[in-house]
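Residue numbers (my numbering): 11 to 1114.
What follows is the structure in structure tokens.
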């Protein structure tokens, strides 16, 4: 009672007053609703207290929610689809019979009133509109017109700048997402796409109020301007931005009046027809009726099939088989005609484009274009815009001269095909150029036949009808630009011979740029061009205000120089890759760099480039590119391209490379080899690269290796190839340069002594320290002396004629003590210490090199005096030499502790490795690991299933894995859907072996475990029916069925391929019907059917 006055009930005599008092009060509240609340900048969550009783007597939805069979037991309920203000108004009406509606909450309250079935509130809601205004608007168009620029039901507002002539302010236009979305795909993606706009107010700084209002007027009312005013270019920009043709909106740019049209694209079809199929001299309609023939008509007839047959016969008759196979039609389609509006032209017209990709003659046309392209160019042809700009920068013109461009009207469709082909063939067979260049043996007639079949009679679809192009070349064919250039270059050659070309003349396909002394000369040259050939008609455009656009560049006539800058069309919308699009950021940064590079190469001065950079900043700002990213990209570009302070890179010295050829065993071993060789490269200061070759390696063959010391010596083998072997396994080492030669013993490692410096331990490489080779050489020398003494001692003891002094002579003759072995030297003072090493340095005598002239067991034998004297001599030698190390006992203890630590760590690592391996030991008593990899809950149950299946699986001595490992491989693939390559790497086998194991076990498992799929008895189902099923369906549910499809490889049989093709999956599949009990147990699986069968048919025929 802390939230209310004491005995407040006595002051509220009526139930309405008491209910009003409880509104939005935590007192007696038994449920709370958590809803989002927005403050304009950020969004937070707000809690509204309520009472189940009040809500339940006001709404049947709440009654079911709180007191139904599946009642909600939580005290806090989150409603993410509701807004705080809307839900609060709904509760206000339930508690107080009143509602306070605002423009921002109208739609939300109406939504909640319908959602929670409160019709009386919906009636209250409608009072905010005109009384029964809908009854006065019988048609959807009238109702839509009524909603134009009306705040009623508005769920979005567009804020745009509005100018009154002197100052600029911001104006708000109310709109409705539904109307905008059904009118424009851009608005549909904005409001209902994956990245839907959630703000109720959207600011459009690049729009004008009048233009946007007229666009919305058309969307709501199907009209543009009520008083016949000229449509602004801004509206045209909107039209293009919304992915609609200009004619679709009823706009005819630069005309004095708007064009009215319906939304069925009739104007688009009319303009496109006028530009293409209405010209009967170039196009003709093709009937689809079967031709009347004697005898039985063909089963399938289509003009496209006839075209394919003719083309195939021609190319196979003329071209070699390999080329004919590549250009013959296979699975071709009809071309499709569409149009692009020429929005910059007056009057509005269409540019017909023929989409010829995958048509019957497209491969042949592409092949011919590649072979004949050099013949289409001459000295006047522009092939690159940037090279053309450089040429313009160097051009000098006289004062008073003007820039004039000439354009050919519909050049592609007006190219005289026969004449152009004849010109092209003449050029191709001039000095037999075509056959000599491409190593062919074609005749003139052959090339003419190929060009005819690749260009003439192109079939295409338009507006549901079939047409054929009888003359001209299609814009969209690979041969289109080629033939157009050939035809135009022939006209230029004629004018050049007649000396009628101006001093400066350049052409790109149908666009021509010239420099003329005056307008009269330009007009005269226009008449000359039009009289050059009857098939083409030229138009002329003269510079205005010393400016002329040409090939995306604006030419500025500042005699004697011509300056250039980027040309932006009036209809340009700035639509580029949006920063919030789902595209890798590398492409977005590349777009910035590309636009900057284009601006730099097309701009002739810093001022023009700076202006273009400012324009690009605005464009990319509208595309939501971060300002910091744009500025940093521009600064980096300026430093690297203009200022010339591109970071200098220190030239790298040529890197010597040692390549080790190793047979490939498995991917895990290959990765380990790469890692270790990388570490080795850092130690020996030489790049060591593995080269894996495909060889079969036995199962018992361990991965060989090269020590760091041996590789260091190998790194000096310049230009040599050596072989280090162990158990017959060779490592071939190559080097790229020749410096010096260092020999390595080419013997098997097992035949060498371990003390030999050429012996290389190639297994279990793990040390980090590279041994000093001088130590190994000295150790080997001492070992040889010991062996020599042993050998001579054996001879002495075996010879009966040997004198008593033989042993001493042997020792003295060996010169072992003072000469050959510097490690053993007498110390004059009788103390032990270090002795000089043979390389001139000082070091200690290593304890691992103690001299053992004979086994210790020999000293215990007292068979003869000779042996005793030899042992005494040995003791004498040892007493006079230094036989100890610099390490004291404390250091030895520390080394012993370190060794024990390493041993313990190695044991722990082995245990961890064992637990990670997919073996029986790794799964024993590890139920969590068993369930993750196999899906079986416990290891004991896994072994029980294994005991059922394993006896029926055939195992031979050639199996790469044991039975349990094969069983684990199969279950891991079934549970985790692991690829075979991954499993092959895990189990150290090949991919085909893993595939065979999986196939062999799955066949057995399907038979041995089939008994687990049983149809339960009705009593069992009823007794164990889950509560949720009982509440919703009672006890009538027996099984839950569903069809599922599995992808399969495409069969070689056409019949099987057709039977297994799934239109839903767009793949060859097999389909099953599966039944699951309400308890979650699989109780039925049908036989396999082809993916073509329907779910209904499969269910009826499954036998369920």
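Glycine included, each C-beta is placed from N, C-alpha and C at the ideal position.
Apart from the five residues on each side of it in sequence, which residues of its chain come closer than 7 Å, Cβ to Cβ, to residue 252?
Only weak support exists for where residue 252 lies, its pLDDT of 40 falling under 50; the coordinates are left without a value.
Which residues share a DSSP beta bridge with residue 213?
169
With distance defined between alpha-carbon atoms, name the residue in 20, 593, 608 nearest to residue 647.
The shortest C-alpha separation from residue 647 is found at 608.
I'd like to check one pair, residue 422 with residue 349: are the Cβ atoms closer than 7 Å?
no
For residue 1107, which residues from the same chain have a beta carbon less than 7 Å from its beta carbon, with the 5 sequence-adjacent residues on both sides left out?
none
Close beta carbons around residue 635, own chain, < 8 Å, minus the five adjacent residues each side:
Excluding residues within five positions, the ones whose Cβ falls inside 8 Å are 589, 598, 602.
Can you say whether residue 451 is buried or exposed, counting buried as having 16 or more other CB atoms within 10 angstroms of its CB?
exposed
Could you spell out where the beta strand (DSSP E) holding residue 415 opens and where it closes?
412-418
Could you spell out where the alpha helix (DSSP H) holding residue 399 opens and where it closes?
Element bounds for residue 399: 395-404.
Separation of residue 60 from residue 127, as counted between CA atoms
18 Å
Just the C-alpha distance for residue 369 and residue 458, rounded to the nearest angstrom, thanks.
20 Å
Classify residue 495 as buried or exposed, calling it buried when 16 or more other Cβ atoms lie within 10 Å of its own Cβ.
It is buried - the Cβ of residue 495 has at least 16 other Cβ atoms within 10 Å.
Nearest-angstrom Cα separation, counted from residue 297 out to residue 318:
In this model, residue 318 and residue 297 are separated by some 17 Å (Cα to Cα).
Where does residue 916 land, buried or exposed, given buried means 16+ other C-beta within 10 angstroms?
exposed
What are the partner residues of residue 185, as DSSP defines its beta bridges?
166
7 Å CB neighbourhood of residue 473 in its chain, flanking five on each side removed
279
If contact is defined by three or more beta carbon pairs under 8 Å, each pair taking one atom from either stretch, is the region 545-554 in contact with the region 409-420?
In short, these stretches touch, since the Cβ pair count reaches three.
Is it the case that the Cβ atoms of residue 1050 and residue 1086 are separated by a distance below 7 Å?
yes
Given this structure, state the Cα-to-Cα distance separating residue 956 from residue 682, to the nearest angstrom.
34 Å
Would you tell me roughly how many angstroms separate the C-alpha atoms of residue 544 and residue 333, rounded to the nearest one?
38 Å
Excluding sequence positions up to five away, which residues of its chain have a Cβ less than 8 Å from the Cβ of residue 1023?
1092, 1093, 1094, 1095
Does the region 211-228 come into contact with the region 156-164, if we say contact requires no fewer than three beta-carbon pairs (one atom in each stretch) closer than 8 Å?
yes
How big is the Cα-Cα spacing for residue 1037 and residue 913?
59 Å
Residues in its own chain within less than 6 Å of residue 179 by CB, not counting five upstream and five downstream?
172
Can residue 181 and residue 228 be called in contact, C-beta distance under 7 Å?
no
What is the DSSP secondary structure of residue 701, counted as helix, strand or coil?
Residue state, collapsed to three classes: strand.
Give me, in chain order, the residues of the same chain whose beta-carbon lies closer than 8 Å to that of residue 1061; leave out the 5 immediate sequence neighbours on both sides.
Take residue 1061, set aside five residues on each side of it, and the residues of its chain with a beta-carbon closer than 8 Å to its own are 1067, 1070, 1078, in chain order.
Please determine if the region 56-72 and the region 89-106 are in contact, where contact requires at least 3 C-beta pairs separated by less than 8 Å.
yes
Since residue 4 contacts residue 484 with CB under 8 Å, what's their CB separation in whole angstroms?
Lying before the first or after the last residue shown, residue 4 is absent from the chain, which here runs from 11 to 1114.
Determine the burial state of residue 1011: buried for a count of at least 16 other Cβ atoms within 10 Å of its Cβ, exposed for fewer.
Buried, by the Cβ-count rule.
Per DSSP, which residues does residue 1052 bridge with? Please list them.
1084
Let's test the definition: count the other Cβ atoms within 10 Å of the Cβ of residue 1025 and tell me whether it reaches 16, buried, or not, exposed.
exposed
Sequence-distant residues of the same chain with beta carbon closer than 8 Å to residue 499, five excluded per side
386, 387, 388, 390, 391, listed in sequence order.
On the DSSP letters alone, give me the boundaries of the beta strand (DSSP E) that residue 521 sits inside.
521-526
So, with DSSP's three-state summary, where would you put residue 1071?
strand
Give me the Cβ distance between residue 100 and residue 132, rounded to the nearest whole Å; I'm assuming they're in contact under 8 Å.
About 11 Å; that fails the 8 Å criterion.
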